[in-house]
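Step one of this worksheet: look at the structure below.
Protein chains: 2
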Amino acid sequence: MPASNSLNLSGNRFAVAYRLSCPPEDAWTRAQDICFEQTVEFPAELLPPGEIRDHLVGRVESLEELEPGQVEVLVSYAVETVGAELTQLLNVVFGNISLKPGIRLERLELPDSLLQRYQGPRFGRQGLRALLGASGRPLLATALKPMGLSPRELADQAYEFALGGIDIIKDDHGLTDQPFAPFRERVERCAEAVCRANRETGGRSIYVANVTAPEEEVLERALLAKGAGAGGLLVCPGLTGFDTMRRLAEDDRIALSVISHPAFLGSWVTSPTTGISHYALFGQIMRLAGADAVIYPNWGGRFSFSRDECRQIAEGCEAPMADLKPSFPTPAGGMSPERVPEMLAFYGQDAIFLMGGGLHRDGPDLARNSRRLLDLLLQYR
Amino acid sequence: MPASNSLNLSGNRFAVAYRLSCPPEDAWTRAQDICFEQTVEFPAELLPPGEIRDHLVGRVESLEELEPGQVEVLVSYAVETVGAELTQLLNVVFGNISLKPGIRLERLELPDSLLQRYQGPRFGRQGLRALLGASGRPLLATALKPMGLSPRELADQAYEFALGGIDIIKDDHGLTDQPFAPFRERVERCAEAVCRANRETGGRSIYVANVTAPEEEVLERALLAKGAGAGGLLVCPGLTGFDTMRRLAEDDRIALSVISHPAFLGSWVTSPTTGISHYALFGQIMRLAGADAVIYPNWGGRFSFSRDECRQIAEGCEAPMADLKPSFPTPAGGMSPERVPEMLAFYGQDAIFLMGGGLHRDGPDLARNSRRLLDLLLQYR
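Protein sequences appear in the order of chains A and B.
If you use this note's numbering, the first sequence corresponds to residues 85 to 465, in order.
If you use this note's numbering, the second sequence corresponds to residues 85 to 465, in order.
Pasting the structure below:
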């Protein structure tokens, strides 16, 4: 995914690479259509001359045939069309044309002048490792589940996982504020349980609370989680919007790590000819939106991302983006301890391995199962 | 799209129809997978017996082969898994499985007990007609554009459109808070211009302000628009999240009509085997999220929705949903006055025809162009 087809833009334009599924002879017309559709949305012949036509309309910077019927086009846009708004950046980049078939957003090429308007991940890899006191190995994460357990039962799980040395113990993304596990009670109990286990072990595990919630409650729940002693927030940006996650990551009153979950984002990546590349969606956009760790379904599990798509995500999580910190690729979805060696070989140390159900398969002693997993990981170091 | 395959559920369960692309012999296994993936996300054999297994796990209610390789499955879920949260409803309905290929969300079947937790469109068709004083004909809408005009130029346009009798004059969805047209100045000028035209004509046109914005500014901009005299809000739920739109629609301090724009929603509907049906996305979900009018690209314009898909949207906008008001289908995207007769034949009176660039093609006198369009519409009444 690194750009063969990139260019140096002055600070007042940014660029987007799209993959068009069309015969090469149609590519210029389709690329021109993108330039207008994403900016002025107006008939070219009726545009007033001057600034609008010369600067605000998108501009085709290059075209390159990748393979028969696949053309990569690089379109540049004026920075002032988007300002510092992530919502508007996504709008100009892929708003209307997301509705047209045969256009896939491949990658963003954002100048430092634009990137400087984003804080990005608050902790990033280094910060999260420092918080957790874990170096020289991938981090381990798990999810509290199944939905339906009481806060007390979930907290018991959290305690066991922390006792066993799991670094990040997060709510399952299906836990919100249901009668069987109301938000406040769940979060208070789970945070306390992890804290208690840490006192006993000297460890630094964190509990991560799911704050995917109705718009008017997200901030309140995040502050409540902070107050209760949670060490991070889980957000599903497909449900809340990417900008809600960005806001949570940037809020200094919260100042917690942020982990993104891919729920309700699938349709962006399930078709090879439309949507957004794994690199841009789970790498670049998640970082603009402040994710310290990006959960996605690993190859070979119960989902269908390929090895290559997962590699793209890992690349997008660390590709240079001005001062934005790299985030952790966090493969999940049907992982099990047996897969640790191949995941290590594939991802190296800078990843978080998220196992949910897989940690329950070796019997009910979750602390022991966790410890075994950690030992396994250290053994391959 | 009306359900051949529906069932009567007690008030404590709701159902979702999915279209699976798979051989019929695999359908049961895939349907079972959905039941677990969307709720407990846990190995079946490890679930504790009782309430979780018997009630919280999704349940396959029926399977029906629609055509070779296409099976419709109806899955029911417990209402307490979602409560009154739209974010969590979307999560249970399609969160994780959006990431799996070959599953398309076709329609929601929500019991009144669940629908009663939603306010839905504040105005609906009747309310919007009353507000605009327009009956017995489709409503007319247009967009202020192109991006790059000053607030004064946009306000001049708005004035002309209102003078010519366009009912709804909205910001182009690309106008947010850019240096060439800052939000406050644009909204104040445009609202004032439409108000002034109304005084001159005795008309009741409204200006609709785009409040798609960074999370922490959406509410502020909506209140500012309200204070300035706007008659509605434009929201791109693909950018803000659906729940932000719902919140704006429900907020009594705002109490403005809400129009949804489809930007950044395309990947949900560009593949026939994944994503969400036009009926569910632009009909049912938009109504749950409070849209009085739902913009989408009309068939035959510069986008690629088919006649049938547009018909599904129109059906979804008015299908019975307890006390939720029907919304207006608002076809757009390369519309022109010449198409009025066929659009009338297709949609009938209960639609909003949105024309942007098309109103500029007959010369710079926008009031005259608008009047001609309105006359054309009345002529076919």
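Don't be surprised by glycine CBs; every beta carbon is placed ideally from N, CA and C.
query: Would DSSP call A/Pro108 helix, strand or coil?
result: helix
field: Span separating the alpha-carbon of B/Arg188 from that of B/Glu393
entry: 14 angstroms
task: Name the residue from B/Asp449, B/Gln433, B/Lys229, B/Leu443 whose alpha carbon lies nearest to the alpha carbon of B/Arg465.
output: B/Gln433
Neighbour-count burial assignment, B/Gly96, 16 or more Cβ in a 10 Å radius: It is Asn, not Gly, that sits at residue 96 of chain B in the sequence shown. Classification for B/Asn96: exposed.
Nearest-angstrom Cα separation, counted from B/Phe387 out to A/Lys184: 6 angstroms
field: Contact set between B/Arg331 and chain A, taken where Cβ atoms lie within less than 9 angstroms
entry: Pro298, Glu299, Glu300
- prompt: Can you tell which of A/Glu304, A/Ala111, A/Gly204, A/Leu130 has its C-alpha closest to the C-alpha of A/Ile343?
  reply: A/Gly204
Option in B/His444, B/Ala314, B/Arg395, B/His345 with minimal Cα separation from B/Val215: For the record, residue 215 of chain B in the displayed sequence is Leu; it is not Val. Considering only alpha carbons, the answer is B/Ala314.
field: Simplified DSSP state of A/Met405, which is helix, strand or coil
entry: strand
7 angstroms Cβ cutoff met for A/Thr171 and A/Asp335: no
message: Please confirm whether A/Val124 has its beta-carbon closer than 7 angstroms to some beta-carbon of chain B.
response: yes
task: List the endpoints of the continuous beta strand (DSSP E) containing A/Asn294.
output: 290-294
query: Quick check: the segment 353-360 of chain B against the segment 353-373 of chain A, are there 3 or more CB pairs under 8 angstroms?
result: yes
field: Nonlocal neighbours in the same chain, by C-beta distance under 8 angstroms from A/Asp240, ignoring five residues either side
entry: Ala277
Enclosing beta strand (DSSP E) for B/Ala377 [first to last residue]: 377-381
message: I need the straight-line Cα distance from A/Met85 to A/Cys106, nearest angstrom please.
response: With a pLDDT of 42 at A/Met85, under the threshold of 50, the modelled position of this residue cannot be trusted; read the value that follows with caution. Rounded to whole angstroms, A/Met85 to A/Cys106 spans 20 angstroms at the Cα level.
task: Starting from the beta carbon of B/Leu349, find every residue of chain A whose beta carbon is closer than 8 angstroms, and list them in chain order.
output: Ser182, Leu183
- request: Quick one: using the 10 Å Cβ neighbour count with 16 as the cut-off for buried, is B/Ser88 buried or exposed?
  value: Residue placement at B/Ser88 cannot be trusted, given a pLDDT of 43 that sits under 50; what the coordinates show is reported in the next sentence. Its Cβ having fewer than 16 others within 10 Å, B/Ser88 is exposed.
message: To the nearest angstrom, how far is the alpha carbon of B/Gln396 from that of A/Asp407?
response: 47 angstroms
field: Sufficient close CB pairs (3 or more, under 8 angstroms) joining the segment 363-376 of chain B to the segment 409-422 of chain B
entry: yes
- prompt: My guess is that B/Leu318 and B/Asp255 are in contact by the Cβ rule of under 8 angstroms, so how many angstroms apart are they, rounded?
  reply: 6 angstroms
- request: Report all residues from its chain with a CB closer than 7 angstroms to the CB of A/Phe366; omit the five preceding and five following residues, and keep chain order.
  value: Val378, Tyr380, Ile397, Gly400
- request: Report the three-state DSSP secondary structure of A/Gln122 (helix, strand or coil).
  value: coil
- prompt: Can you name the residues of chain B whose CB is closer than 9 angstroms to the CB of A/Thr113?
  reply: Under the 9 angstroms cutoff, chain B gives no residues; its nearest Cβ is about 12 angstroms from A/Thr113.
Simplified DSSP state of A/Glu193, which is helix, strand or coil: strand
query: Looking at the structure shown, is A/Thr260 part of a helix, part of a strand, or coil, going by DSSP?
result: coil
Three-way DSSP call (helix, strand, coil) for A/Phe178 in this model: helix
query: Are the beta-carbon atoms of A/Cys274 and A/Leu233 separated by less than 7 angstroms?
result: no
- prompt: What separation, rounded to the nearest whole angstrom, lies between the Cα atoms of A/Leu228 and B/His345?
  reply: 37 angstroms
message: Within 10 Å of its beta-carbon, does A/Arg337 have 16 or more other beta-carbons around it, so buried, or fewer, so exposed?
response: exposed
- prompt: Out of curiosity, what's the CA-to-CA distance linking A/Leu192 and A/Phe389?
  reply: 21 angstroms
Element boundaries [alpha helix (DSSP H), containing B/Gln154]: From DSSP, B/Gln154 is part of no alpha helix (DSSP H) but of the beta strand (DSSP E) over 154-162.
- prompt: Using a C-beta cutoff of 7 angstroms, does B/Asp110 count as contacting chain A?
  reply: no
- prompt: Candidates A/Asn175, A/Glu190, A/Pro421, A/Met231: which alpha carbon is nearest A/Ser454's?
  reply: A/Pro421
message: Rounding to the nearest angstrom, what Cα-Cα distance links B/Gly417 and A/His362 in this structure?
response: 29 angstroms
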